[in-house]
Structure formats: structure tokens, C-alpha cells
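Take 1 as the starting number for the sequence shown in the numbering used here and just add one per residue. Heads up, the beta-carbon is just placed ideally off N, CA and C, and yes, glycines get one too. Structure, as C-alpha cells:
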Amino acid sequence: METEPLLGRRRSSWQKLGTDESRKSDSSGPRSSSSRNNSSSSSGSSQLDDLYIQQAAVFIEDAIKYRTINHRVDSRSLRLYRWYYSAACQWVLNTAILVILAMAFFEKPSSLSVTSDLRFRQVLWEPPCGLTEGIEAICLLLFIVDVVIKSYLLGWGEFQKSKWLIAYTLVLAASTVDWIVSLSLLCEERIRVRRILRPFFLIQNSSLMKKAFNCLRQTIPQITSVMLLLALHLLLFTMIAMLLFTRVQTNEDDKEWKTYFRNLSESLTSLLVLLTTANNPDVMIPAYSRRRAYSLFFIAFSLIGTYLLMNLLTAIIYNQFRGYLLSSIQTSIVRRCLGIRGAFEVLCCERSNKTGRSGSLRVTVSTNTVLQVLQKVKMSSAHKQEIIKQAKAFTHDCVTAEQFRDLFDELHKETVKEYPPKPAYRSLFLQKLQTVFSHRFVEYVGNLMVAVHLVCIFVALVHDAETPISQRDGFFSGVVNGSFVLYYLLEMALKIFALGIKGYCSYKSNLFDGLLTIILMILQLSSLVQYGLPRRGWNPELHGLLSLWETVRLANMLIVFRFLRIIPNIKLMALVATSLFDLIKNLRAFAGILVVAYYVFAIVGVVLFKDKIPPPQNSTNASLTSSISPANLTLQCGTYEQLGYWPNNFNDFAAALVTLWDLMVVNNWQVFLDVYSRYASPWSKLYFVAWWLVSSVIWVNLFVALILENFIHKWDRSYHPSFSDQESEYQMSVQDMFRDDLEEPTEEDLLERLRQHPHLHLPRGPV
């Protein structure tokens with residue numbers, strides 16, 4: 001392994017050593033030899049300077065991306081490191097992950113059909129053996145290269161400490177072996193283990209997703225006590241239910257027992273479904289119709305389980321997960337501080353600063369060196385320009401550690417979008433018009449006009465709801481839409497006049513309005529060209545691609561979307577909308593965890609339940625004969641067959657995903673428990689209960705916790721006087737959500753961590 005000294009202060013000693021060697025050569029040899037030594041010393045010093053700048057730039061990039069700096073830092077490794085984290089390489093890696101995950105839609109059984117309904121499915125096209133396997137081999141090869149590069153850059157010592165890299169290697173090994181087995185069996189194997197392992201590639205490539213996964217893994221033991229209490233609650237009430245609703249002589253009194261509490265398995269299932277309120281009040285009606293008092297049992301069960309224990313579970317998940325997430329984000333902050341401090345340490349040299357009679361030495365970096373490093377760092381242009389501007393503003397030609405750290409505080413600041421200046425008109429009349437059309441009341445008038453337009457559309461829809469298209473009169477809709485489109489065009493022109501083209505396009509709301517206005521104008525012009533001006537009894541026949549009513553319907557849908565422009569003007573509504581956008585944009589890692597859960601459960605569901613439910617023409621439902629009248633077994637109320645749930649199955653990957661979504665919503669999920677218990681196995685209920693716990697209990701509660709955290713943060717900010725300016729847009733990251741609760745590491749802690757760097761050789765004494 002190539003190692004080089006990394007403290008800038010060592011430069012002076014190395015330069016002194018080179019000077020001493022030059023003097024020795026000068027006294028013992030010819031002058032030409034001395035010149036060559038001086039030239040060699042100067043060249044070596046220049047190479048060291050370039051190395052230090054390169055190291056500092058990489059450390060700062062690591063700090064920006066919250067990456068660890070415990071990687072190799074020699075010149076060759078740094079070039080490889082920057083190449084690996086370049087946009088092109090990461091794009092190739094992300095594309096490989098997307099491709100290998102998407103192959104589940106095309107592999108046998110493929111999802112290449114119009115419908116997943118068992119009644120209408122035909123023979124599907126299946127890829128020939130070797131096609132998807134060849135694509136998968138390319139992806140696996142890229143992942144092998146990825147793990148090799150990561151392992152080399154970190155070194156063997158760091159590789160042994162990284163559980164994710166070790167797991168990455170094991171998953172690749174298992175996937176490769178399974179791939180070889182598939183080819184040897186001519187792709188006829190029933191279970192492909194590597195399909196279940198594929199989501200791991202998605203997790204390990206996202207640092208924030210790995211943090212979220214670790215936090216989730218550590219949160220689960222914390223909620224075990226409540227889960228056990230919930231299980232005890234379910235078990236106790238199941239025993240009480242089996243005692244209350246026993247089999248009696250009359251068939252009418254046996255209805256509750258026969259339908260819901262026949263045995264332990266059905267009793268547990270009935271009450272578990274009631275816990276999610278999916279079968280309420282169905283499960284209560286047979287007993288309640290006999291005696292009012294039976295309702296107290298079901299009310300008590302729901303009150304304790306659904307409203308107390310389940311909400312308590314939500315509170316615990318929120319509290320525990322927030323604590324672990326805060327700890328994880330704290331690690332990211334330490335990484336950023338460590339990267340910035342490491343960059344300073346590899347650049348620093350000693351300068352003498354006199355204070356009074358006594359001289360003191362403090363470690364500094366020249367401003368020119370800092371500017372050279374900043375030019376090489378890859379970061380957003382806005383942050384780079386601001387940091388360079390602050391660096392040039394230093395009065396002294398040196399930067400201390402505190403000043404160097406303060407420079408990069410710019411990275412923590414919120415992104416504020418500055419809008420271009422309005423055009424300057426010389427005419428006083430135009431200036432007054434510009435002031436009028438720039439006023440916020442113009443926006444209010446525009447919102448009012450959109451609302452009026454929406455009311456007109458609503459009136460037309462109500463009036464023509466039961467009128468056949470052939471008998472409708474399009475005069476009212478044609479005149480209304482044409483008039484309002486003219487107003488929208490006028491409004492857009494006035495905004496461009498007041499703000500300028502750049503100013504108009506700098507607002508996302510204006511871009512949204514402008515795009516819809518242009519589309520509406522095109523639709524209106526095409527309607528006029530094909531069908532002429534609106535008139536009484538206007539209902540022409542189809543002349544072009546779209547009929548008149550299809551054109552009107554499309555325009556009306558666009559106008560409904562245009563009504564969304566009112567959201568930014570209503571403070572509370574805007575607060576909710578921006579919270580939602582922040583979650584979508586910045587909390588993608590948590591959605592990625594749900595994607596992983598969906599993927600794994602879908603693959604397992606296809607393996608377990610593929611083709612278990614026969615199409616209706618082949619179904620005899622013999623398994624129901626013991627509990628249902630043999631007259632018409634498939635039409636028992638509330639069953640899979642009677643409800644027509646034929647598209648919901650696990651016959652292919654895409655159908656499995658939709659079925660899992662329906663299960664996560666938990667509406668009528670007892671239907672799936674019943675049908676797969678009949679056709680597959682009574683033990684299949686464990687699969688659906690596991691999915692309910694993962695999706696509805698853990699992940700949904702986790703998402704609720706994150707929404708609360710984000711919304712509370714933005715609610716507090718919305719009433720802060722320093723952020724009341726409506727001319728700025730605030731973008732919040734996950735780190736910003738917990739900024740007030742984070743602690744920055746001390747100077748001593750950072751220096752000690754730097755001394756423990758596996759590839760740096762810093763002095764062990766005080767710096």
C-alpha cells in the first residue's frame with residue numbers, strides 16, 4: 001500500500017531536507033549536479049502540493065455527501081475514488097440496480113399481459129432461457145466490480161469492519177451460485193433464491209437507506225413489549241369468544257359460531273381482522289341480533305386493541321425511531337465535520353503571529369491554497385460561489401481552522417431561490433402598469449376566475465349527467481371554455497409583461513399555469529378549426545382525431561388541475577402541500593425500505609401461491625362443502641369468488657404487487673386470508689399476517705411519525721419572523737429536520753478521529 005505524509009506542516013521539514021541535500025551535493029560535486037538536485041527537490045515539493053490539494057478536495061466532497069473519509073489517500077487511489085463517485089459511474093451502477101430489479105416483471109412467470117384476471121388470462125410469452133440470465137450476468141459483473149473497488153479503496157482493515165460490504169460480498173456469491181444453478185437446470189428451477197436477494201443491491205447503494213434500515217432494525221426490539229401485549233390481548237379475547245359463542249342446538253343460534261368462531265384458527269383470524277376494523281360490524285351482527293349485550297364484547301375488544309394498544313404502538317414507533325434516526329443523522333454530521341477538518345489538516349502550515357511582546361504560533365492555511373482547493377471541489381454552483389466569495393473576503397492571507405470550518409457552514413444553510421429582477425421600463429405609464437400587474441391581488445383575481453370556471457364546469461356536468469352525448473348541447477361549454485381560455489392567455493401575457501420572461505419562468509406556479517394555458521389554447525383552436533364557432537344545438541359529428549365532447553372533457557380535466565394554483569395562496573394548505581413534497585423529495589430512503597418489503601413479499605408470494613386459485617370454470621370449491629350449503633358454493637356472500645376478486649392473485653410479480661397493496665389497505669383483507677387458506681394451506685395466514693405487521697403496523701406508523709416530525713418543523717418555521725418572506729422557497733433535507741437537536745463534535749474529538757485514520761499518519765501528540 002502506498003503511503004505518503006499528509007500534514008502540511010511536514011512540508012517545511014521535507015523542503016529543509018531537500019535543501020540540506022542540495023548543499024551537500026554542492027560541496028562535494030560539480031555545479032550541474034547541484035542544479036539537478038534543486039530541480040528534483042522543487043519538482044517533489046510541487047507534487048506534494050498537488051497531492052495535498054487533491055486530498056483536501058476529496059475530503060471536502062466526502063463531507064458534502066456525508067461519506068466516510070477512511071479510505072486510501074494516495075494519488076492513484078484518489079483518482080480512482082473520484083472516478084468511482086463520478087456522475088457517469090454512479091449512473092451506470094444505479095441503472096444496473098434498476099434493471100436487475102425490473103427483471104422480475106419479465107422473468108417466468110412474466111407480467112406481460114393486459115390483465116391479471118384469472119378469467120381472461122391467456123398463454124403468456126415467456127423469455128427464452130438465457131435472455132434474462134444474460135442481462136442479469138452483466139448486472140452481477142458490475143456489482144462485483146463495485147464491491148472490488150470499494151474494498152480496495154477502504155483497505156482490508158476497514159473491509160473487515162464493514163458489515164454491509166461483507167454482506168454485499170456474500171449476497172453476490174450466493175447470487176452467482178444460484179445463477180449457475182439456473183443455467184445448469186435450463187431455467188426450469190422452481191425457486192430462484194437470488195430474486196429474493198436483489199433488493200439488497202438497492203439498500204447498500206444508498207447511505208441514507210442503510211441508516212433507515214439500521215434504525216428500523218433497532219426499533220423493532222423496542223416495540224416487542226407492545227406487540228406481546230397486543231398478542232396477549234388477542235389471545236385472551238379469543239378464549240372469551242370461544243366460551244361465549246359455543247355450538248348450540250338450533251342452527252340460528254349457531255350462526256356466530258359457524259361463521260367466525262368455529263375453531264381456534266378461525267377465532268384468532270376473526271378477531272385479528274376486527275383489530276383492523278376490516279370486518280366491523282359484520283363479525284358482531286349474528287350475535288348482536290340475538291342479544292344486545294354481546295355488543296359489549298366487541299366494543300371492549302376494539303376499544304382496548306384498536307384505539308389504545310395500536311395507537312400506543314404508533315407513539316412508541318415514533319419515539320423510538322426518531323431517537324435512532326437522530327443518532328444516525330448525528331453520525332452524518334460527525335462525518336461532515338471530520339471531512340472538513342481533515343481537509344484543513346492536510347493543507348495547514350505554521351505562520352507566526354505576534355501579539356504584543358510575546359509571539360504565538362497558530363496553524364493556518366493560505367487563502368490562495370483554499371481557493372485552489374475550492375476550484376477542484378465538486379459541489380453545487382450556488383454553494384461554491386458563496387464559499388469562494390467569503391474566502392476572498394478575508395483580510396489576512398491566511399485562514400485558521402475556525403475560519404475554514406465557518407466557510408463550509410454555507411453547506412448547512414437552506415437553499416433560498418432568488419428570483420431575477422423585474423424589467424425596467426422608461427415610461428412612467430408602463431411602470432405604473434407593471435406595479436399594478438405585479439400586485440398580489442392580481443393573483444387573487446386569477447384564483448377567483450379559476451374558481452368561477454370550475455363552478456361553470458360543475459353546473460354543466462350536473463345538467464348533462466343523465467343526457468346522452470348525442471342529445472347534448474355544447475353551446476354553453478364551448479362559450480364558457482373559450483372565454484376563460486382568452487382570460488388565461490391575457491393573464492399570462494400580463495404576468496410576462498410585469499415580471500419578464502425569466503421572472504415568469506422562475507416561478508413553478510407560473511410554469512404550471514402557462515403550460516396548461518398553452519395546451520388549453522391548442523385544444524380550443526383545434527375545436528374551432530374542426531367544428532366552427534359554438535352555436536345553439538351545437539353537437540357536430542366527429543371530424544378529426546378527437547370528438548367535440550372528448551376535446552371538452554380533456555379541457556375540463558386540465559382546468560380542474562389548474563385549480564391547484566390556489567394551494568400556495570392558502571397558508572395552511574401550502575404548509576401541508578410543501579410538507580408532502582418534502583417527504584417525497586427528501587425521504588425517498590424510507591420509501592425505498594417499503595419498496596424492498598414489497599419486492600421481497602411479492603417474490604415470496606409468487607413462489608408460495610402461484611396458480612393456487614383455479615379459474616372459475618375449473619373451480620369445484622369442494623373444500624367448502626363442510627361449512628356451506630352445496631347449492632351454489634361460489635356465490636357465498638363475502639367470499640373471493642362472490643366479490644369477483646379474480647384479478648387479485650400471486651400468479652405473476654405485477655399482480656402480486658397490486659394484491660399486496662390491497663392487503664396493506666386492510667379493507668376486506670379477510671377475503672384473502674380465507675381463499676388462500678382454502679386453496680393453499682391454513683398456514684398461509686402467517687404470510688398475510690407478517691405482511692400486515694410489516695406494512696400496516698410498522699411502516700405506516702413510521703411514515704406517520706415522519707409526517708408529524710416534518711409538519712411540526714415546518715409549522716414552527718411558518719410563524720418564525722425571519723422566514724415570513726414570500727419571495728423565497730425553502731427546501732428542507734433530513735438533516736435540517738433535526739438540526740436543532742444535533743451536536744457538533746469537539747475539536748479534540750475530531751483530531752483524535754483523524755489520528756486513528758487507517759491511511760493517514762498524523763502525529764500522536766497535540767496538534
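Using three-state DSSP, classify residue i as helix, strand or coil.
i: residue 346; result: coil
i: residue 365; result: strand
i: residue 701; result: helix
i: residue 66; result: coil
i: residue 463; result: helix
i: residue 337; result: helix
i: residue 290; result: helix
i: residue 641; result: helix
i: residue 310; result: helix
i: residue 215; result: helix
i: residue 120; result: coil
i: residue 108; result: coil
i: residue 615; result: coil
i: residue 126; result: coil
i: residue 421; result: coil
i: residue 254; result: coil
i: residue 744; result: coil
i: residue 759; result: coil
i: residue 377; result: coil
i: residue 591; result: helix
i: residue 486; result: helix
My assumption, with CB atoms under 8 Å, is that residue i sits in contact with residue j. Please give the rounded CB distance.
i: residue 399; j: residue 370; result: 5 Å
i: residue 58; j: residue 78; result: 5 Å
i: residue 650; j: residue 659; result: 6 Å
i: residue 271; j: residue 238; result: 6 Å
i: residue 200; j: residue 171; result: 5 Å
i: residue 673; j: residue 269; result: 6 Å
Just how far apart, CA to CA, sit residue i and residue j?
i: residue 99; j: residue 590; result: 21 Å
i: residue 748; j: residue 597; result: 42 Å
i: residue 87; j: residue 149; result: 16 Å
i: residue 557; j: residue 450; result: 13 Å
i: residue 647; j: residue 118; result: 6 Å
i: residue 76; j: residue 82; result: 10 Å
i: residue 294; j: residue 287; result: 6 Å
i: residue 394; j: residue 364; result: 13 Å
i: residue 615; j: residue 259; result: 25 Å
i: residue 278; j: residue 666; result: 6 Å
i: residue 246; j: residue 594; result: 41 Å
i: residue 189; j: residue 216; result: 34 Å
i: residue 402; j: residue 409; result: 11 Å
i: residue 853; j: residue 511; result: Nothing can be reported for residue 853, as the shown portion of the chain is limited to 1 through 767.
i: residue 664; j: residue 489; result: 45 Å
i: residue 282; j: residue 613; result: 25 Å
i: residue 513; j: residue 486; result: 13 Å
i: residue 611; j: residue 671; result: 17 Å
i: residue 536; j: residue 459; result: 18 Å
i: residue 482; j: residue 433; result: 26 Å
i: residue 133; j: residue 142; result: 14 Å
i: residue 299; j: residue 328; result: 41 Å
i: residue 54; j: residue 85; result: 15 Å
i: residue 498; j: residue 374; result: 39 Å
Applying the criterion that 16 or more other CB atoms from any shown protein chain within 10 Å of the CB defines a buried residue, is residue i buried or exposed?
i: residue 19; result: Confidence at residue 19 is low in this model, with a pLDDT of 36, below 50, so the placement of that residue is unreliable and no value is reported for it.
i: residue 305; result: buried
i: residue 50; result: exposed
i: residue 441; result: exposed
i: residue 181; result: exposed
i: residue 501; result: exposed
i: residue 97; result: buried
i: residue 322; result: buried
i: residue 675; result: buried
i: residue 61; result: buried
i: residue 691; result: buried
i: residue 746; result: exposed
Provide the residue(s) that pair with residue i in DSSP beta bridges, ordered along the chain.
i: residue 399; result: 365
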